[in-house]
Every structure is written in C-alpha cells, then in structure tokens.
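**Q** Quick note, the sequences are listed as chains A and B, same order.
Going by numbering that gives the first Met the number 0, the first sequence opens with residue 0, and the numbers climb by one from there.
Going by numbering that gives the first Met the number 0, the second sequence opens with residue 0, and the numbers climb by one from there.
The following block contains the structure, expressed as structure tokens.
Number of protein chains: 2
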Amino acid sequence: MQGLMQDWPLTVDKVLDHAAEWHGEREVVTRSVEGPIVRVTYGEIRDRAKRLSNALLGFGIQPGDRVATLAWNSARHIEAWYAIMGIGAVCHTLNPRLFADQLCYIINHAGDRIIFTDLTFLPFLIENRARMPTVERFIVLTDDDHLKGSGLEGALASETLIARHDADCVWGGFDEQAACGLCYTSGTTGNPKGVLYSHRSNFLHTLVTLQTDVMGLSVKDTVLAVVPMFHANAWGLTFSCPAVGAKLIMPGAKMDGASIHELLETEKVTFSAAVPTVWQMLLAHMRETKATLTTLKRVVIGGSAVPEAILRAFHDDYGVDVVHAWGMTETSPLGTLSTPTPEVAALSFDDQIPYKLKQGRPPVGVQLKLTGDDGAAKPRDGTSFGRLSIRGPFIAGAYFKGDGGNLLDEEGFFDTGDVATIDQAGYMQITDRAKDVIKSGGEWISSIEIENIAAGHPKALLAAVIGVAHPKWDERPLLLVRLRDGETAEPGEFLRYLDGKIAKWWMPDDVVFVDDIPLGATGKIDKKLIRQRFEGYLLPTAAKAG
Amino acid sequence: MQGLMQDWPLTVDKVLDHAAEWHGEREVVTRSVEGPIVRVTYGEIRDRAKRLSNALLGFGIQPGDRVATLAWNSARHIEAWYAIMGIGAVCHTLNPRLFADQLCYIINHAGDRIIFTDLTFLPFLIENRARMPTVERFIVLTDDDHLKGSGLEGALASETLIARHDADCVWGGFDEQAACGLCYTSGTTGNPKGVLYSHRSNFLHTLVTLQTDVMGLSVKDTVLAVVPMFHANAWGLTFSCPAVGAKLIMPGAKMDGASIHELLETEKVTFSAAVPTVWQMLLAHMRETKATLTTLKRVVIGGSAVPEAILRAFHDDYGVDVVHAWGMTETSPLGTLSTPTPEVAALSFDDQIPYKLKQGRPPVGVQLKLTGDDGAAKPRDGTSFGRLSIRGPFIAGAYFKGDGGNLLDEEGFFDTGDVATIDQAGYMQITDRAKDVIKSGGEWISSIEIENIAAGHPKALLAAVIGVAHPKWDERPLLLVRLRDGETAEPGEFLRYLDGKIAKWWMPDDVVFVDDIPLGATGKIDKKLIRQRFEGYLLPTAAKAG
Chain A
0 MQGLMQDWPL TVDKVLDHAA EWHGEREVVT RSVEGPIVRV TYGEIRDRAK
50 RLSNALLGFG IQPGDRVATL AWNSARHIEA WYAIMGIGAV CHTLNPRLFA
100 DQLCYIINHA GDRIIFTDLT FLPFLIENRA RMPTVERFIV LTDDDHLKGS
150 GLEGALASET LIARHDADCV WGGFDEQAAC GLCYTSGTTG NPKGVLYSHR
200 SNFLHTLVTL QTDVMGLSVK DTVLAVVPMF HANAWGLTFS CPAVGAKLIM
250 PGAKMDGASI HELLETEKVT FSAAVPTVWQ MLLAHMRETK ATLTTLKRVV
300 IGGSAVPEAI LRAFHDDYGV DVVHAWGMTE TSPLGTLSTP TPEVAALSFD
350 DQIPYKLKQG RPPVGVQLKL TGDDGAAKPR DGTSFGRLSI RGPFIAGAYF
400 KGDGGNLLDE EGFFDTGDVA TIDQAGYMQI TDRAKDVIKS GGEWISSIEI
450 ENIAAGHPKA LLAAVIGVAH PKWDERPLLL VRLRDGETAE PGEFLRYLDG
500 KIAKWWMPDD VVFVDDIPLG ATGKIDKKLI RQRFEGYLLP TAAKAG
Chain B
0 MQGLMQDWPL TVDKVLDHAA EWHGEREVVT RSVEGPIVRV TYGEIRDRAK
50 RLSNALLGFG IQPGDRVATL AWNSARHIEA WYAIMGIGAV CHTLNPRLFA
100 DQLCYIINHA GDRIIFTDLT FLPFLIENRA RMPTVERFIV LTDDDHLKGS
150 GLEGALASET LIARHDADCV WGGFDEQAAC GLCYTSGTTG NPKGVLYSHR
200 SNFLHTLVTL QTDVMGLSVK DTVLAVVPMF HANAWGLTFS CPAVGAKLIM
250 PGAKMDGASI HELLETEKVT FSAAVPTVWQ MLLAHMRETK ATLTTLKRVV
300 IGGSAVPEAI LRAFHDDYGV DVVHAWGMTE TSPLGTLSTP TPEVAALSFD
350 DQIPYKLKQG RPPVGVQLKL TGDDGAAKPR DGTSFGRLSI RGPFIAGAYF
400 KGDGGNLLDE EGFFDTGDVA TIDQAGYMQI TDRAKDVIKS GGEWISSIEI
450 ENIAAGHPKA LLAAVIGVAH PKWDERPLLL VRLRDGETAE PGEFLRYLDG
500 KIAKWWMPDD VVFVDDIPLG ATGKIDKKLI RQRFEGYLLP TAAKAG
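Listed below in structure tokens is the structure:
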C-alpha cells in the first residue's frame with residue numbers, strides 16, 4: 000500500500016525558489032573578480048538565473064547536457080549553477096587548480112557543451128581551446144566592457160545574456176533522480192572520475208546538513224563560503240544558505256588572510272567553512288596585524304585533518320568554535336562532523352580536544368562500516384583499525400560512464416579507501432589511506448600516525464613511512480626522514496624520539512635519511528612514488544629473519 | 000540522464016537504527032501508566048521493537064495491514080510504532096479523546112487488525128469490542144501481572160510478546176512511498192478522514208523539522224513530548240528525537256501542571272511541545288506553587304493560536320522562548336513557525352510580540368498560496384485575506400480510500416480550509432476558517448477577530464460572530480454575546496467597545512444576547528449550529544436596504 004502524500008520531487012530549483020519567495024531581500028555579497036564588492040539579493044539571483052536559463056535554452060541546451068563552470072565563488076557563479084540545474088542540465092564544476100592536461104581530460108570526458116568562466120581563466124582557455132572540441136561556447140561571468148579584447152573567440156558576457164533574455168522560465172518538472180551536478184575526484188591513481196549528483200541527493204544533503212548538530216545554519220547567520228564551489232559543491236553551502244535564507248558572502252579569487260579577515264569583519268560573518276590552509280593564512284595575518292574577530296562564532300574545517308594549533312588559536316585567542324568535518328567528493332561531501340555529544344560537551348576544553356581532532360560522528364542518513372580484510376566488523380573501541388565504508392542517499396553509487404566499475408559491496412556500501420577507527424563515543428578518526436596502511440602480522444599500522452610524530456622531531460623537515468616486505472611479518476614500517484638544512488642525525492635519535500609515543504610493535508624497522516620526499520599535486524606525500532623507489536629494500540630485520 | 004548516487008529509500012526504520020547505533024545509550028524516560036518512572040535506551044527500544052515486529056509477523060501481519068495504537072506517550076508506544084512501521088505495516092494512531100462512535104467508525108474504516116493499547120483504555124475496548132469486527136486481537140502495553148483479570152478477551156501483554164520473540168528481524172527493504180502511518184482528522188464536518196503518511200513523507204518531515212530555525216533539536220537537548228503521539232505524530236518528535244539522539248521524556252497519561260513541572264525539573268528538560276491548554280495548566284500550577292524552571296529553554300506551541308499571556312509569562316517570568324507553530328494532520332503536521340528573522344530578532348520583545356502571535360513562516364519544503372475567490376494571489380501585505388493552500392512532500396494528496404475526492408487544485412496545492420494573511424516579513428496569520436469568514440461586498444471580514452475582541456468586553460462570557468444574508472452586501476456580521484451571569488447590557492455598549500478596534504465596515508450590523516453559545520467536541524465555537532439557529536435572521540440594515 001502506497002502512502003497518499005503529495006508528489007513533490009526534491010529538485011534544487013525549489014531551494015532557490017524558496018529563498019526568492021521567503022528571503023527575497025536577503026543579500027549575497029561578492030568580492031568580484033573585477034574588484035569591487037557587489038551586492039545582490041536572492042530575489043535578484045533567481046531572476047537573473049532564469050534569464051540565463053533562457054539563454055542556455057536558446058543555445059539548444061537539453062536536459063542531461065553538461066554545462067561546466069570554471070569560476071571562483073561569486074553570486075554570478077551561483078546564478079550559473081541554478082540556471083543550468085533549473086532546466087535539467089548538469090552543472091559540471093571544474094577545479095582550476097588542476098593541471099591543464101587534467102582539465103582538458105575532464106572537459107572531454109564530461110562532453111561539456113558550454114563553459115561558464117571568470118576573466119581569470121581566459122588565458123588557460125585561449126591556450127587550450129583546441130583541446131576541448133565538445134565545447135561550443137564560453138560564457139564569461141562579467142560584462143561586455145570587461146570582456147572586450149579578451150581574445151577568446153566566441154566568448155559572451157553573462158551580463159549581456161541576462162539583459163537580452165527575460166526571466167519567464169519554468170524550472171523543474173523532472174524526476175528528482177535526474178542528474179544535477181558533476182564533479183571529478185582529484186584522482187591520485189589513474190584518471191579523475193566523475194561523481195554525478197542527482198537533484199534528490201543534493202536536496203537531501205542540504206536538509207541533513209542543516210540540522211543543528213551538523214552545519215546548523217540559520218536565517219540569522221551570515222556565512223562566508225571560502226570553500227570553493229568546485230570543491231565538492233562548496234560543502235553544500237550554495238544550497239543550504241538559500242534554503243534557510245542565510246546571508247551569503249562570496250570571496251571571489253582572494254583567499255589570503257587580509258582579504259578573508261576584511262570580509263569577516265565588514266560583513267559581520269557568523270559562520271565560515273574552509274580547508275585548514277585558509278585558516279592558517281588567516282590566523283597568521285591576524286597575529287601579525289593584531290586583528291580581532293568580533294562576530295565569527297563557528298568555522299567548519301575539512302578537506303584534511305585539523306591541526307591542534309588551529310583549534311586552540313580559534314578557541315583561546317578569538318572565541319571561535321571549530322567543527323572538524325570529513326567527507327569526499329563521493330559523499331556530496333558530508334560524511335561526519337566532530338560536533339560534541341553532551342558527554343563530550345561537559346568536558347573541559349583540553350579534554351574535548353582529542354574528540355575535536357577526530358573526524359567525528361555521522362548524522363542520520365549516513366551509515367558507516369568499519370571492516371577488516373576478512374569483511375568482519377571491527378570493534379568501535381577507538382584503537383581497532385578497519386577500512387571505512389559509507390552508505391546513504393547522497394553517497395556515490397557509481398562513477399560517470401561506469402569508470403571504476405562496481406563501487407559498492409554486497410551491502411551497498413562505498414569503500415572510502417580510508418582506514419579509520421571509531422571510538423566508544425562514536426567518533427571516527429581517519430588513520431591512514433588503505434593503500435598506505437602497513438600490514439604487519441595480520442595487524443594494521445598507521446603510516447600517517449608514525450610520520451606525523453616523527454615529523455615533530457626538531458631535526459626533521461619532512462617524514463614519510465611506508466611498509467616494506469618482510470619474510471616473517473609480511474610488512475614492516477620503514478621511516479624516511481628529510482632533515483632540515485645543515486642538520487645531521489643517526490637513526491637511533493628518531494627511534495628514541497618515537498619510543499613511548501607509539502606501540503612497541505609499530506616501531507620502524509629502519510630509518511633512512513633522504514634528500515627528497517616527493518609530494519603530489521595536492522601537497523600530500525606521494526607514497527606510491529616512494530614505494531617504487533624503495534621496491535626491494537631489504538630491512539635489517541628481514542635479513543636476520545631470512 | 001539519471002544521477003548516479005546510491006539507492007537509499009527514506010524509510011523510518013533507519014531513524015531508529017541510527018539512534019540505536021550512534022546514540023544507543025541515550026535514554027527515553029516514561030511516566031508509565033502503571034505509575035513508576037521507567038528508563039530505557041534507544042538501543043533497548045530497537046531491540047524490543049524488533050521482538051514486537053516478530054510477534055506481529057507471527058500474527059500474520061503483512062505489509063500494508065493497519066495496526067492501531069490507542070495509547071499515551073510512552074517508550075512502549077514508540078516500540079509499537081517502530082515494530083509496526085519497520086515491517087511495512089501501517090501504524091494507525093487512535094485519539095482516545097474522540098467519542099466512542101467516532102473511534103469505532105475509524106477502526107472499522109481503517110480495517111485495523113490489531114490494536115496496541117494502554118490499561119487505561121480497556122473499559123472502552125471491552126464495552127465496544129463487538130463494534131470492531133476487523134480487530135483480531137489486542138496487545139496491551141504492560142506485563143502479565145498488570146494485565147491479568149482485565150476482562151478483555153484475547154488480550155496479550157506486550158512484555159510477554161517481547162520476552163517470547165527474538166530481536167533478529169530485518170526491517171525496511173520496501174519502497175519509500177510505502178504507507179507508514181494513518182491518522183484521522185477530527186472531522187468537524189462529515190466523518191473523520193484518514194491521512195495516510197508514507198515512509199518518505201515522515202522521513203522528510205523529520206529532516207525539515209530538525210533545521211535550526213524550525214524545531215532545531217540537538218543531541219544535547221532533553222525533550223518532553225507532551226503533544227500526544229495520536230495528535231499528528233507528536234509533531235514528529237518520536238522521529239526527530241531519535242534522529243538526532245535527543246533524550247526523550249514521555250509523560251504518559253498525566254498532563255496536569257504538577258506532573259509536567261516535575262518531569263521538566265527532575266529530567267532537566269530543555270525543549271517541549273504542546274497545545275496552549277497544557278501550558279496554561281503548567282503556568283497556573285507554577286504561579287500557585289511559586290515554582291521555577293531551571294533548564295527549559297524553548298517550547299513550541301501549536302494546535303490553536305497562542306494567547307499573548309502565555310508568551311509573556313514564559314518570557315518574563317521563566318526566561319523561556321515560545322515558538323508558535325501551525326499545522327494540520329494533513330501537513331504531517333508542520334506548516335509554519337514563528338521563529339524570528341534577523342529583522343524581527345533585532346526588535347524589543349514587546350515589538351516582537353505581534354510576530355510571535357502569528358503562525359509564522361514556512362521552512363524549505365513547504366509552499367504556501369494565498370488566494371481570493373477568483374483564484375488570484377492575494378498581496379502579502381499583512382491585511383489582505385485569502386484562502387490558505389499548501390504544497391510539499393509531507394502534505395496530504397488524498398484521503399484514505401479516496402474520501403473527500405480530489406483534494407488538490409490544478410497547481411497541486413491542498414486547501415487548508417483556513418483564511419489567512421501573510422505580511423511583508425513573510426509571517427502568516429490564520430484569521431478565520433474559510434467557511435466562517437464573512438463575505439461583505441466582495442471583501443472578507445474575519446469572524447474570529449471580531450469575536451476575540453468582543454469577548455474582551457468585561458460583561459462578556461463568550462462571543463460569536465457569523466455572517467447573515469444581506470440583500471445589498473451579500474453577508475454582514477452578526478455578533479452574539481453570552482453575558483456573564485447576572486450582567487445585563489444593550490447592543491450599543493458592544494458596538495462602542497469595538498469602535499476603533501476594527502475597521503468601520505467590519506462593525507456588526509446587529510448584536511444579539513443569547514443564553515448559550517454552542518461548543519463542538521474540541522472546545523471550539525460550533526458556528527455551523529449557530530448558523531442553523533440563525534438561518535433567515537433579518538438584520539435591521541437588511542430590512543432598510545430591502
């Protein structure tokens with residue numbers, strides 16, 4: 000027997016409709032690529048987005064067609080998103096930080112017909128125009144005055160299209176399972192793969208993140224969306240802010256400490272979200288200039304693990320609460336947050352820190368599974384490692400065009416590729432990438448945990464740990480250290496430094512000093528390359544055992 | 000093109016699964032029907048509910064079968080809900096405050112196969128057993144000791160069934176559109192009609208209500224669910240509390256001021272929800288006993304309009320924030336809430352009151368429409384009346400078994416039967432029932448607004464206003480007054496009292512003093528009966544005009 004409630008497909012055009020109808024005067028403020036601070040309202044954004052939709056329809060864009068954006072966070076970028084999604088086309092966000100080869104691969108793989116872009120990216124597009132044959136035209140998020148003489152053939156200014164078309168355009172009316180957005184993973188192994196979000200998944204992600212214990216946004220918030228719209232949908236902020244009518248501040252291209260601080264203060268921001276490096280730059284700027292924060296209450300930090308120094312500086316020096324979050328492009332991106340349970344909230348700040356440093360707990364709608372190599376569940380004791388899998392209505396079920404084959408296990412969970420622990424209070428902590436974890440005698444050793452501690456040695460500039468083949472234990476840890484310029488050291492200094500900080504059986508079997516520890520495009524240690532370099536390395540313990 | 004996210008049907012069993020897995024130790028505390036305060040955890044509730052599911056399967060309950068509950072708010076009642084819904088059966092909540100005839104009609108109309116009930120209701124069930132032939136058995140939410148000698152043939156104690164069955168039961172696995180709950184409207188005209196909720200509608204209602212600006216519940220909240228589970232799903236609390244892991248307090252049968260106050264204080268309640276009469280009883284008790292409230296922060300009040308005295312008493316005397324909410328059985332029930340926009344929040348408390356007295360603003364997922372008799376939209380100016388229609392994924396599309404025919408207009412909106420205004424700030428206010436509004440010269444007059452003011456006259460005990468036929472204006476208002484015992488008055492006293500408080504053209508054309516103003520079962524003025532009594536009444540102005 001079916002229920003008898005209304006048929007109301009969860010399509011994201013309704014989010015902006017809600018904002019325009021019930022929060023129509025609320026502002027979206029942008030530091031524009033052209034320079035000035037620009038103010039529009041949600042009502043104006045819907046009107047302008049509908050005009051752009053008519054322009055896209057005029058260019059023959061059909062439901063399911065991919066239309067890309069290569070742009071900074073701005074109100075114009077939001078208009079492009081809703082213009083594309085409202086008519087059932089797929090908004091493909093391009094990450095300008097990728098290499099040209101990767102971008103061209105992604106554009107061709109997606110088959111993008113149109114690219115919305117900022118003035119910033121015209122040199123790249125001009126240089127690589129011939130490498131993107133599916134692209135029929137470019138719409139530059141600016142006006143004719145700024146566009147003229149740009150040299151990108153056939154490029155149109157979005158303001159011209161907006162002026163030329165009317166705002167009478169019907170949005171929605173399609174299935175909520177329709178594709179809505181496309182975002183490629185950074186692809187540390189193999190080619191980037193596309194995650195194809197649906198209207199339903201984005202709408203549900205919006206509702207789940209709006210819970211008080213998750214993002215908890217309110218109409219009374221002013222939100223600075225530092226996290227880019229090309230970085231897993233700006234963690235949903237360009238949906239969740241209009242959904243509740245929160246005032247939204249878009250930083251454009253400028254993410255340096257001074258620019259971010261200026262927006263935080265002049266716009267009276269209460270909430271923000273970004274990766275740790277942005278906050279490091281902000282904190283450094285504020286220390287230098289003795290600046291203060293008068294309105295900011297909460298920041299959500301994700302993308303990589305939050306350093307304790309950031310947590311403490313925000314709390315101790317500025318009275319700002321940090322929420323550590325974890326997710327992936329494949330998870331829309333929200334997976335877990337370190338918002339406190341009442342038991343954790345009752346602890347002193349110092350005692351809360353271990354929980355705040357973990358990636359946190361899942362909200363309703365996100366299921367986690369922690370399993371060993373045998374597929375059996377690992378205990379939630381805070382020390383047992385397992386592969387982390389995830390399930391829910393906004394978690395990827397497959398990649399675009401079937402890349403990577405079947406992603407789900409027999410229970411429908413997606414393997415994150417991470418290794419994690421979950422403690423008794425339900426806090427998950429990423430301990431390693433599954434491919435980097437060291438499997439010693441049937442037990443797992445976190446390469447990241449050892450290298451993070453080793454990197455704290457005063458003589459170390461960088462440290463890396465990999466597993467090396469061992470006849471008795473399968474694998475044993477090898478520590479590589481790049482010393483600071485002018486330093487010398489012998490292995491025992493590092494082993495003594497680790498002693499007592501890690502389990503005895505985690506102790507590296509050898510320490511090697513190297514001139515170079517290779518980093519990948521995203522700044523993370525390239526373990527794959529290190530493993531290649533040390534293939535066949537004979538540990539002294541292996542020699543003995545053999 | 001379809002999105003490629005996971006298939007994860009929104010079924011409510013996942014809500015309790017989430018609570019058991021991530022908030023397994025959080026308590027649900029009940030003032031039991033047997034007397035003592037009883038504590039169980041979400042983990043135990045899931046375990047016990049699964050045992051009950053196996054009992055229901057053993058009784059041959061199939062997906063879509065209706066299983067009723069006639070019970071007070073308790074953990075056992077929650078167990079029955081999830082036991083029923085988890086296996087795809089339909090949980091039909093019966094309102095014990097209805098007359099026996101109505102209850103029997105509803106049980107037969109629904110075709111309930113089993114009724115879960117409390118000891119309280121055994122006399123009613125014994126007396127009316129023969130009138131509910133579809134009911135095969137009764138499960139009493141108690142143990143054998145309390146049940147024995149009850150005299151209800153074939154009744155079983157839930158505790159016996161829980162002890163007899165194991166907890167290994169697979170929930171879910173059906174379509175999210177599957178029917179999940181059934182609740183009949185009180186039916187002021189004609190027979191009660193059934194609203195058939197789906198798993199999807201309840202799940203989405205849960206997510207929408209959990210937003211910070213709506214119910215805003217947190218794992219850190221302790222929630223006293225005074226609003227009954229048979230009253231439009233306890234406004235969703237028995238879904239939303241487990242969804243976030245909030246501690247839940249269930250008052251059982253005792254809703255008097257002293258009992259409610261005791262639970263608020265001993266359990267350190269932070270949030271509660273109930274109709275105005277419950278709060279009136281609590282406030283009266285606290286005034287008498289000079290009691291205080293040490294932990295309560297917020298109360299949501301709905302079911303009927305919030306009197307200003309309650310708002311002020313909570314704010315001024317106890318520091319508790321009141322949120323006025325509006326909804327219907329047909330809206331799951333959330334429609335609007337008076338949570339403040341930043342502009343309203345910036346006002347003094349006195350200046351906020353007019354907004355807090357309104358029914359408020361809709362969250363994302365609820366669409367409102369205000370239309371005149373011609374179907375055209377009314378302006379949102381705070382004074383123009385229109386019929387209020389509503390649309391969304393948790394709004395009724397049809398009644399059970401097709402009762403009442405097609406409910407939706409050509410745009411898919413459900414007509415609430417209410418007349419309302421919406422002001423420039425988006426706050427909706429119910430001004431009348433559509434059938435009671437007085438249509439004078441093409442304009443609408445609120446009968447409720449006039450009678451509320453007239454009832455404030457010191458000589459008035461009750462006042463009612465109806466529209467009476469008029470040859471020139473179609474209808475004109477007639478004011479009926481029941482004076483306080485021993486008072487006498489003449490019409491001019493009431494007209495002078497109204498003068499300046501309402502528009503000139505709203506002034507009643509006549510005032511009639513009556514011995515009796517009839518009230519319906521829910522305590523509201525029975526306008527239908529009054530209109531029958533005054534059919535053909537000749538207004539003095541009509542005599543002149545004619």
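By construction, the Cβ of each residue, glycine as well, lies at the ideal position given by its N, Cα and C atoms.
Please read all numbers here as calculations on a predicted model, not as lab measurements.
Ignoring anything shorter than 3 residues, give me the beta strand (DSSP E) runs that lie fully in the region 172–217 of chain A, in order along the chain.
**A** List check, beta strand (DSSP E) in window: 178–183 and 193–197.
**Q** If you check the beta carbons only, do Gly401(B) and Gln5(A) fall under 8 Å apart?
**A** Not in contact: Gly401(B) and Gln5(A) (Cβ atoms no closer than 8 Å).
**Q** Could you name the residues of the region 216–227 of chain B whose beta carbon sits closer than 7 Å to any beta carbon of chain A, in the order they occur along the chain?
**A** So the list reads Leu216, Ser217, Val218 and Lys219, given in the order they occur along the chain.
**Q** For Gly371(A), which residues from the same chain have a beta carbon less than 6 Å from its beta carbon, with the 5 sequence-adjacent residues on both sides left out?
**A** So the list reads Lys377 and Gly385, once near-sequence residues are dropped.
**Q** Quick check on this structure: which residue in Ala162(B), Thr159(B), Ala82(B) and Thr68(B) has the alpha carbon closest to the alpha carbon of Leu124(B)?
**A** The option with the nearest alpha carbon to Leu124(B) is Thr68(B).
**Q** Applying a beta-carbon distance threshold of less than 7 Å, which residues of chain A neighbour Val207(B)?
**A** Within chain A, the residues near Val207(B) are Leu206.
**Q** For a test of the three-state rule: what should DSSP assign to Tyr104(A), helix, strand or coil?
**A** Here Tyr104(A) sits in helix by DSSP.
**Q** Could you give the DSSP three-state label for Pro378(A): helix, strand or coil?
**A** Reduced to three states, the DSSP call for Pro378(A) is coil.
**Q** For Met551(A), which residues does DSSP report across the bridge?
**A** Lying outside 0 to 545, the shown extent of chain A, residue 551(A) is not represented and no answer is given.
**Q** Give the secondary structure of Asn232(A) by DSSP, where H, G and I count as helix, E and B as strand, and everything else as coil.
**A** Looking at Asn232(A) - three-state DSSP - the assignment turns out to be helix.
**Q** Within 8 Å of any Cβ in chain A, is that where the Cβ of Ala468(B) sits?
**A** No, Ala468(B) lies away from the interface with chain A (no Cβ there is under 8 Å from its Cβ).
**Q** Is there a Cβ from chain B that is less than 8 Å from the Cβ of Met0(A)?
**A** At least one chain B Cβ lies under 8 Å of Met0(A).
**Q** Cutting at 8 Å between CB atoms, please list the residues of its own chain near Leu518(B), excluding the five before and the five after it.
**A** The answer, listed in chain order, is Ile524 and Asp525.
**Q** Along the chain, where does the beta strand (DSSP E) containing Phe270(B) start, and where does it finish?
**A** That run of the beta strand (DSSP E) goes Phe270 to Ala273.
**Q** When you compare the CB positions of Ala273(A) and Ile300(A), do they come within less than 8 Å of one another, or not?
**A** Cβ distance < 8 Å, so Ala273(A) and Ile300(A) count as in contact.
**Q** Assuming Met214(A) and Thr335(A) make a contact with CB atoms under 8 Å, what is their CB distance in whole Å?
**A** Met214(A) to Thr335(A), Cβ: 13 Å. No contact.
**Q** Between which residues of its own chain and Glu158(B) is the CB-CB distance below 6 Å, once the five residues before and five after are set aside?
**A** Cβ neighbours of Glu158(B) beyond the five flanking positions: Asp142.
**Q** By the three-class DSSP mapping on this structure, what secondary structure does Glu266(A) have?
**A** In the structure shown, Glu266(A) sits in coil (DSSP, three-state: anything other than H, G, I, E or B).
**Q** Could you spell out the range, first to last residue, of the alpha helix (DSSP H) harbouring Asp12(B)?
**A** It spans Asp12 to Trp21 - the alpha helix (DSSP H) in which Asp12(B) sits, taken as one unbroken run.
**Q** Could you tell me which chain A residues have their CB closer than 9 Å to the CB of Phe399(B), listed as they occur along the chain?
**A** Result: Leu3.
**Q** If we cut at 8 Å on Cβ distances, does Ser271(A) have a partner in chain B?
**A** For Ser271(A), the answer is no, since every Cβ of chain B falls outside 8 Å of its Cβ.
**Q** With Met249(B) as the anchor, note down where its beta strand (DSSP E) starts and where it stops.
**A** Start and end: Lys246 to Met249.
**Q** Between the region 324–333 of chain A and the region 343–356 of chain A, are three or more C-beta pairs nearer than 8 Å?
**A** Judged by Cβ distances under 8 Å, the region 324–333 of chain A makes no contact with the region 343–356 of chain A, as fewer than three pairs qualify.
**Q** Is any beta-carbon of chain A found at less than 8 Å from that of Gln358(B)?
**A** It does not: the Cβ of Gln358(B) has no partner Cβ on chain A nearer than 8 Å.
**Q** Strictly by DSSP, which residues pair up with Asn127(A)?
**A** Looking at the DSSP assignment, Asn127(A) forms no beta bridge with any residue, so it has no partner.
**Q** Between the C-alpha atoms of Ala419(B) and Phe238(B), what's the straight-line distance to the nearest angstrom?
**A** Approximately 30 Å, taken between the alpha carbons.
**Q** Taking only three categories from DSSP, how would you classify Ala47(A)?
**A** Here residue 47(A) is Arg; the residue named in the question, Ala, does not match the sequence. In the structure shown, Arg47(A) sits in a helix (DSSP, three-state: H, G or I).
**Q** Would Cys179(A) pass as an interface residue toward chain B - the criterion being a Cβ-Cβ separation below 8 Å?
**A** At least one chain B Cβ lies under 8 Å of Cys179(A).
**Q** Which residues share a DSSP beta bridge with Thr29(A)?
**A** DSSP, once it has assigned bridges, lists Val37(A) and Met249(A) as partnering Thr29(A).
**Q** Between which two residues does the alpha helix (DSSP H) holding Val343(B) run?
**A** Per DSSP, Val343(B) belongs to the alpha helix (DSSP H) from Pro341 to Ala344.
**Q** Please list the partners that Phe393(A) has in chain B, where partner means a Cβ-to-Cβ separation under 7 Å.
**A** Within 7 Å Cβ-Cβ: Met4.
**Q** Check each candidate in Pro339(B), Lys458(B), Gly411(B) and Asp220(B) and name the one with the smallest Cα separation from Glu342(A).
**A** Per the Cα distances, Asp220(B).
**Q** Have a look at Ile389(A) and Val194(A) and give me their C-alpha separation to the nearest angstrom.
**A** C-alpha separation (whole angstroms): 15 Å.
**Q** How close, in whole Å, do the beta carbons of Ser337(A) and Lys357(A) come, if the pair is a contact with beta carbons under 8 Å?
**A** About 6 Å; that satisfies the 8 Å criterion.
**Q** So, at 6 Å on beta carbons, what are the nonlocal neighbours of Pro546(A) in its own chain, with the 5 sequence-adjacent residues on each side left out?
**A** What the structure shows of chain A is the stretch from 0 to 545, and residue 546(A) is not part of that stretch, so it cannot be assessed.
**Q** How many Å lie between Ala224(B) and Leu209(B) at the Cα?
**A** Rounded to the nearest angstrom, the two C-alpha atoms are 15 Å apart.
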